[in-house]
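Okay, structure first, notes after.
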Amino acid sequence: MRILALSALTVPAIALVAALSLHSTAAREAPSHWLYEWGETDFSKASIEFDEIMSGGPPKDGIPAIDNPVFVTAAEIDHLADTEPVISVLLGGEHRAYPLQILMWHEIVNDTAGGVPVSVTFCPLCNSAVVYDRRVGDAVLDFGTTGKLRNSDLVMYDRQTESWWQQFTGEGIVGVHTGTVLKRLPSRVESFARYRERAGADALVLVPEREGARSYGTNPYGGYDSSARPFLYRGDLPEGIAPLARVVVVDGEAWSLDLIREAGRYERADLVITWEAGQNSALDSSTIADGRDIGNVVVQRNGGEGLEDVPYDISFAFAFHAFHPDAPIHTATE
Numbered sequence: 005m006r007i008l009a010l011s012a013l014t015v016p017a018i019a020l021v022a023a024l025s026l027h028s029t030a031a032r033e034a035p036s037h038w039l040y041e042w043g044e045t046d047f048s049k050a051s052i053e054f055d056e057i058m059s060g061g062p063p064k065d066g067i068p069a070i071d072n073p074v075f076v077t078a079a080e081i082d083h084l085a086d087t088e089p090v091i092s093v094l095l096g097g098e099h100r101a102y103p104l105q106i107l108m109w110h111e112i113v114n115d116t117a118g119g120v121p122v123s124v125t126f127c128p129l130c131n132s133a134v135v136y137d138r139r140v141g142d143a144v145l146d147f148g149t150t151g152k153l154r155n156s157d158l159v160m161y162d163r164q165t166e167s168w169w170q171q172f173t174g175e176g177i178v179g180v181h182t183g184t185v186l187k188r189l190p191s192r193v194e195s196f197a198r199y200r201e202r203a204g205a206d207a208l209v210l211v212p213e214r215e216g217a218r219s220y221g222t223n224p225y226g227g228y229d230s231s232a233r234p235f236l237y238r239g240d241l242p243e244g245i246a247p248l249a250r251v252v253v254v255d256g257e258a259w260s261l262d263l264i265r266e267a268g269r270y271e272r273a274d275l276v277i278t279w280e281a282g283q284n285s286a287l288d289s290s291t292i293a294d295g296r297d298i299g300n301v302v303v304q305r306n307g308g309e310g311l312e313d314v315p316y317d318i319s320f321a322f323a324f325h326a327f328h329p330d331a332p333i334h335t336a337t338e
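The opening position of the sequence shown corresponds to residue 5 in our numbering, with each subsequent residue numbered one higher.
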């Protein structure tokens with residue numbers, strides 16, 4: 005039997021359970037201790053209530069973002085199982101892959117791919133993997149982790165203004181960039197073998213800057229995606245689907261992964277979602293390469309020149325419901 009051993013969660017997004025207290029100050033008044041750590045944040049601007057924020061345990065940058073990513077070619081990789089998941093992007097003709105075994109411990113990679121400044125983000129507690137264009141107006145932002153959560157989802161911050169951003173939506177929620185929404189970029193979460201076959205042996209793959217600096221390849225949230233309830237979450241749960249069931253999220257709509265897996269190929273209007281076996285869950289076994297097979301999902305639209313990748317996310321149902329409470333989660337074919 006797999007259980008989520010909270011006492012063992014010595015990781016990125018979770019530290020001591022004792023640190024997981026909610027803020028009890030007035031909803032729109034920032035707690036005084038935030039002001040010492042966040043001296044550059046303009047707390048007079050916010051689109052949320054401050055009591056929606058809880059501590060995830062680590063302090064600001066306690067989960068270190070990667071700012072100087074190191075890559076090797078896919079042909080040089082010998083530490084990734086063929087079925088291990090990577091976040092892959094194709095920009096300006098350049099392929100890059102970011103293994104979840106690294107994102108598990110860093111959550112954000114600030115990079116430039118194909119000439120485009122990007123932030124590759126992953127929130128383990130929501131199973132949310134989203135790639136953003138990190139340009140806002142004329143500025144290029146660098147993102148780090150606040151150590152805080154909202155709806156169990158990573159709250160990021162930019163180092164230029166110390167505004168806070170919601171990882172799941174890409175929206176600025178506190179500070180001068182409140183209301184600004186980052187542009188999502190097409191990406192895939194796919195097995196390393198599929199990436200290597202699709203992009204070629206010379207395609208780039210992120211490797212640790214210092215091998216052994218973290219327990220890369222392990223999942224510190226053992227059995228989490230089989231849990232009955234999400235961790236560090238106090239909102240409503242969706243109806244008709246398990247809270248930690250995976251859903252495919254496209255443009256504010258969601259389809260259960262079970263539905264897509266059963267169909268193999270799901271089409272609605274110009275939207276095409278396909279599923280094929282051969283990718284480990286990163287949040288199942290304590291070793292990612294041993295995780296159960298959840299398959300590979302590709303989301304595309306049928307444009308004038310054929311199928312084109314579009315931005316999507318495969319997140320837990322509770323997270324989608326938290327940020328889109330009025331949106332349905334499709335669990336059966338229409």
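Heads up, the beta-carbon is just placed ideally off N, CA and C, and yes, glycines get one too.
The shortest CA-to-CA distance from Gln283 to any of Arg272, Val276, Arg296 is the one to Arg296. Less than 8 Å separates the beta-carbon of Arg154 from that of Glu56.
Of the residues assessed, Ala258 falls on the buried side of the cut-off, its CB having 16 or more other CB atoms within 10 angstroms. Taking C-alpha positions only, His328 is separated from Trp169 by approximately 17 Å. Taking a C-beta distance under 8 Å as the contact criterion, Ala50 and Val178 qualify as a contact pair. Residue state for Asp65 is assigned as coil, using DSSP reduced to three classes.
The closest CA to that of Val302, considering only Val159, Leu158, Gly216, Val276, is found on Val276. Assignment of beta-bridge partners to Pro128 by DSSP yields no partner.
When only Cα atoms are considered, Pro242 and His83 end up about 38 Å apart. Bounds of the beta strand (DSSP E) holding Leu208 are 208 to 211. In this structure Leu261 does not touch Leu129 by the C-beta definition: roughly 17 Å separates them, more than the 8 Å allowed.
Counting of Cβ neighbours within 10 angstroms places Tyr40 among the exposed residues, the total staying below 16. For the region 240 to 317, the full-length alpha helix (DSSP H) segments reaching 4 residues or more read 261 to 267 along the chain. By the C-beta criterion, the region 98 to 108 is judged to be in contact with the region 205 to 212, since at least 3 inter-stretch pairs fall below 8 Å. Per the Cβ contact rule, the region 225 to 239 is in contact with the region 140 to 157 (3 or more Cβ pairs under 8 Å). Judged by their CB atoms, Ser290 and Thr222 are nearer to each other than the 8 Å cut-off. It is roughly 25 Å from the alpha-carbon of Gly308 to the alpha-carbon of Asn300. Phe126 sits away from Pro247, with the two beta carbons spaced by 8 Å or more. Nearest to Asp142 by alpha-carbon distance, out of Val159, Glu166, Pro121, is Pro121. Distance check between Trp42 and each of Thr150, Ile264, Asp274, Gly118 places Thr150 closest, using alpha-carbon atoms only. As DSSP reads the structure, Leu95 sits in a beta bridge with Glu98. Tyr199 places its beta carbon less than 8 Å from that of Ser92. One alpha carbon belongs to Ala205, the other to Gly216, and they sit about 25 Å apart. Excluding its 5 nearest sequence neighbours in each direction, Glu312 has C-beta neighbours in its own chain below 7 Å: Gln304, Arg305, listed in chain order. Here the C-alpha atom of Asp137 lies approximately 13 Å from the C-alpha atom of Ile112. Distance from the CA of Gln171 to the CA of Ile52, rounded to the nearest whole angstrom, comes to 14 Å. His325 counts as buried, since at least 16 other C-beta atoms from the protein chains shown sit within 10 angstroms of its C-beta. Excluding its 5 nearest sequence neighbours in each direction, Gly183 has C-beta neighbours in its own chain below 8 Å: Ser51, Glu175, Gly176, listed in chain order.
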